[in-house]
Amino acid sequence: MAKDLRITFLLDFYGDMLTEKQREVVECYYNEDLSLAEIAEEKGITRQGVRDGIKRAEQQLLEMEERLGLAKRFRSVQEELTQICDHALQIEAENEKNGGDPVIRQNVESILRSAKKLTD
Numbered sequence: 430m431a432k433d434l435r436i437t438f439l440l441d442f443y444g445d446m447l448t449e450k451q452r453e454v455v456e457c458y459y460n461e462d463l464s465l466a467e468i469a470e471e472k473g474i475t476r477q478g479v480r481d482g483i484k485r486a487e488q489q490l491l492e493m494e495e496r497l498g499l500a501k502r503f504r505s506v507q508e509e510l511t512q513i514c515d516h517a518l519q520i521e522a523e524n525e526k527n528g529g530d531p532v533i534r535q536n537v538e539s540i541l542r543s544a545k546k547l548t549d
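Written out as structure tokens, the structure is:
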């Protein structure tokens with residue numbers, strides 16, 4: 430069974446919306462890299478039961494993302510924050526070339542601190 434690596438990311442956003450059993454099986458498969466047989470043995474269910482549970486959970490995670498879009502929005506915000514930091518650093522470099530105005534330097538530092546808080 431081929432792994433869809435998006436599921437690991439979606440699990441971070443929507444994992445709590447799965448049943449405890451579904452979440453455990455998906456975490457074992459994706460995060461702990463256990464085989465279907467290993468999970469089946471650990472959970473006391475059949476290999477087919479593990480596979481079906483994973484497929485059902487994957488579908489639920491994908492449907493939740495389709496409806497809510499939290500993971501997509503998160504990636505978009507992260508990309509924009511990276512752009513903000515890049516532009517702030519460019520402003521800082523230009524400022525230093527042109528004499529280093531302390532007000533500009535302080536504002537750039539403030540922008541970078543704020544962006545860092547949002548990414549942590």
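Reminder that position 105 of the sequence shown reads as 534 in the numbering used here, one-by-one numbering, no gaps.
Yeah, the Cβ is synthetic: ideal placement off N, Cα and C, and Gly gets one too.
1. Less than 7 angstroms between the beta carbons of residue 517 and residue 540, yes or no?
2. Within the region 503-545, note down every full alpha helix (DSSP H) run reaching 4 residues or more, in order along the chain.
3. Cβ of residue 442 within 7 angstroms of Cβ of residue 486?
4. State the DSSP-derived secondary structure class of residue 450, mapped to helix, strand or coil.
5. What does the alpha-carbon distance come out to for the pair residue 504 and residue 439?
Taking the definition as stated:
1. Residue 517 places its beta carbon less than 7 angstroms from that of residue 540.
2. none
3. no
4. Helix at residue 450.
5. 12 angstroms
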